[in-house]
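Participant:
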Amino acid sequence: MKVEAWIFGVTTVFLVLVSPAYWFITDAGDSGADWTGTSALVMTTLLCAMITLYLGFHANRMDARPEDLKDGEIADGAGELGFFPPYSWWPLWCAATLSLMVFALAVLAWWLFIIGIVLGALALSGWIFEYYRGVYAH
Numbered sequence: 034m035k036v037e038a039w040i041f042g043v044t045t046v047f048l049v050l051v052s053p054a055y056w057f058i059t060d061a062g063d064s065g066a067d068w069t070g071t072s073a074l075v076m077t078t079l080l081c082a083m084i085t086l087y088l089g090f091h092a093n094r095m096d097a098r099p100e101d102l103k104d105g106e107i108a109d110g111a112g113e114l115g116f117f118p119p120y121s122w123w124p125l126w127c128a129a130t131l132s133l134m135v136f137a138l139a140v141l142a143w144w145l146f147i148i149g150i151v152l153g154a155l156a157l158s159g160w161i162f163e164y165y166r167g168v169y170a171h
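First residue of the sequence shown: 34, per my numbering; consecutive thereafter.
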């Protein structure tokens, strides 16, 4: 994961340099600086920095993967790669409750937001504990 961390790190440094440059370049125009593009660049910078920190944190704590080794062979990566769950309806319900909560905030319906929180807690707990009960329990 060190290579991925470096890629996102370089991207973060690039965006740190580009974001203020974009602000100053657009500020030279008649209408002033572009808030939309600047805020999008700043948020992209922060997201890349977050991914860089995550990948760098895990790269230091885990063993090197076969694709990270210079003399790695294809056979080194054979075997079980992890658990890949079958289809699930829970992400749909989590997204639906999140959209309900965002809609409630947009129209300032606090009662609807509270209902969304309750339904979201149910959907999220169903998604988390999906593999502890039922057919796919393990």
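Cβ coordinates follow ideal geometry from the N, Cα and C atoms, glycine included.
None of these values were measured; they are calculated from a predicted model.
How about the segment 35-44 and the segment 77-97: do they share at least three Cβ pairs that are nearer than 8 Å?
Facilitator: Yes, the segment 35-44 is in contact with the segment 77-97.
Participant: Rounded to a whole number of angstroms, what is the C-alpha to C-alpha distance between L80 and R98?
Facilitator: Cα-Cα distance, rounded: 25 Å.
Participant: Report yes or no: do three or more beta-carbon pairs, one from the segment 156-167 and one from the segment 120-138, lie closer than 8 Å?
Facilitator: A contact exists between the segment 156-167 and the segment 120-138.
Participant: For W122, which three-state DSSP category applies?
Facilitator: If DSSP states are grouped into helix, strand and coil, W122 belongs with coil.
Participant: Among S64, W144, P118, V49, whose alpha-carbon lies nearest the alpha-carbon of V168?
Facilitator: It is P118.
Participant: Considering just the uninterrupted stretch of the alpha helix (DSSP H) at S158, what are its terminal residues?
Facilitator: It spans 143-161 - the alpha helix (DSSP H) in which S158 sits, taken as one unbroken run.
Participant: Pull up the distance between the alpha-carbon of G42 and that of T71, whole angstroms please.
Facilitator: Distance between the alpha carbons of G42 and T71: 20 Å.
Participant: Relative to the C-alpha of Y164, which residue among K103, V135, F116, S132 is closest?
Facilitator: Residue F116 is the option with its Cα nearest to Y164.
Participant: Since A111 is in the alpha helix (DSSP H), which residue starts that stretch and which ends it?
Facilitator: Counting along the chain, A111 falls outside any alpha helix (DSSP H), and DSSP gives it neither H nor E.
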